[in-house]
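Colleague: There's a structure below that I have some questions on.
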Amino acid sequence: MRLFFSPTSPYVRKVRIAAIELGLENQIELITSNPWDNPPELADANPLGKVPTLMISDNESLFDSPVICEYLDNLNSEITLFPDSGQARWDALRLQALADGVLDAAVMIRYDSLRPEAEQYRGMRTRQLNVIRRALVMLDSEVTQLLGPITIGQIAVACALGYLDFRLPEENWHVTHPKLDSWYTRWMKRESMQVTMPLPA
Ligand SMILES: N[C@@H](CCC(=O)N[C@@H](CS)C(=O)NCC(=O)O)C(=O)O
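In the numbering used here, the protein residues as written are 24 to 224.
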């Protein structure tokens, strides 16, 4: 398999962490790809032009990190990141959706910050910061959801928190949300988190 990869994309990080936790990382070749350069091979594989995009054969691709992660999960029958059914499944998918929403908000803020100052949209920034802050309050109050066997929910939340540290450190959620901080500190010890740490481009 080949993965269109960007070292700073938190969605790519999610996929890489899932692959490592599932013991599949050696089956995935990383193809460095900056979506903003519009590489034709990425557009051919994924009309949305986004990373992560996973080539599962020469002419078959999968995209959107939840879809890729669930596909990888199905390749390992011993570990289950996406519980099959029941409450455990909804809990994991809900956490993933919440964390991915935090990422979407933070990424939007990041893109806006790269525009010339006069073109930046303050109202959008405020709205997205409010999304992030409300989600953090929910995650902190529901931190027990993050305990227990590994699921895609915890992976997604860890990626979202890591991205906030990377791109919005001034939010300093560690101080405002100590229960979440204490979970994250323990979670950060996983090798999958350490080896996928984003480095400034
Ligand atoms: N929902 C997608 C989001 C992927 C995404 O937005 N990736 C960013 C990089 S962090 C991207 O490729 N952006 C290029 C663009 O928006 O055109 C997922 O979960 O994979």
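Cβ coordinates follow ideal geometry from the N, Cα and C atoms, glycine included.
Could you tell me if the beta carbon of Asp135 falls within a distance shorter than 6 Å of some heavy atom in ligand 1?
Modeller: No, since every heavy atom of ligand 1 falls outside the 6 Å radius drawn around the Cβ of Asp135.
Colleague: So the candidates are Gln50, Ala111 and Ser32; which of them puts its Cα closest to the Cα of Ser80?
Modeller: Of the candidates Gln50, Ala111 and Ser32, the one whose C-alpha sits nearest the C-alpha of Ser80 is Gln50.
Colleague: For Arg25, which beta-bridge partners are listed by DSSP?
Modeller: Glu52 and Met78.
Colleague: Curious, which full-length alpha helix (DSSP H) runs of at least 4 residues does the stretch 72–143 contain?
Modeller: With a minimum length of 4 residues, the continuous alpha helix (DSSP H) runs that stay inside the stretch 72–143 are 88–96 and 109–136.
Colleague: Taking the C-alpha atoms as reference points, what is the distance between Gly46 and Leu159?
Modeller: Taking the straight line joining both Cα atoms gives about 30 Å.
Colleague: Does the pairing of the stretch 29–41 with the stretch 164–173 give three or more beta-carbon distances under 8 Å?
Modeller: Flag = no, the stretch 29–41 and the stretch 164–173 do not touch.
Colleague: Compute the Euclidean distance between the alpha carbons of Val35 and Arg148, then round it to the nearest angstrom.
Modeller: Their Cα atoms are separated by approximately 23 Å.
Colleague: Taking Asp60 as part of the alpha helix (DSSP H), name the residues at either end of that continuous run.
Modeller: Where Asp60 is concerned, there is no enclosing alpha helix (DSSP H), given that its DSSP letter is neither H nor E.
Colleague: Find out if the Cβ-Cβ distance for the pair Ser88, Lys37 is shorter than 7 Å.
Modeller: Cβ atoms of Ser88 and Lys37: closer than 7 Å.
Colleague: Excluding the five sequence neighbours on either side, which residues of its own chain have a C-beta within less than 7 Å of the C-beta of Asn97, listed in chain order?
Modeller: Counting only Cβ-Cβ distances below 7 Å, and skipping sequence neighbours, we find nothing.
Colleague: Jot down the residue ranges of each uninterrupted alpha helix (DSSP H) in the stretch 135–222, minimum 4 residues, whole runs only, in chain order.
Modeller: Here the runs fully enclosed are 145–164, 175–190, 196–199, 201–210 and 214–218.
Colleague: How is Pro33 classed by DSSP in three states: helix, strand or coil?
Modeller: It is helical.
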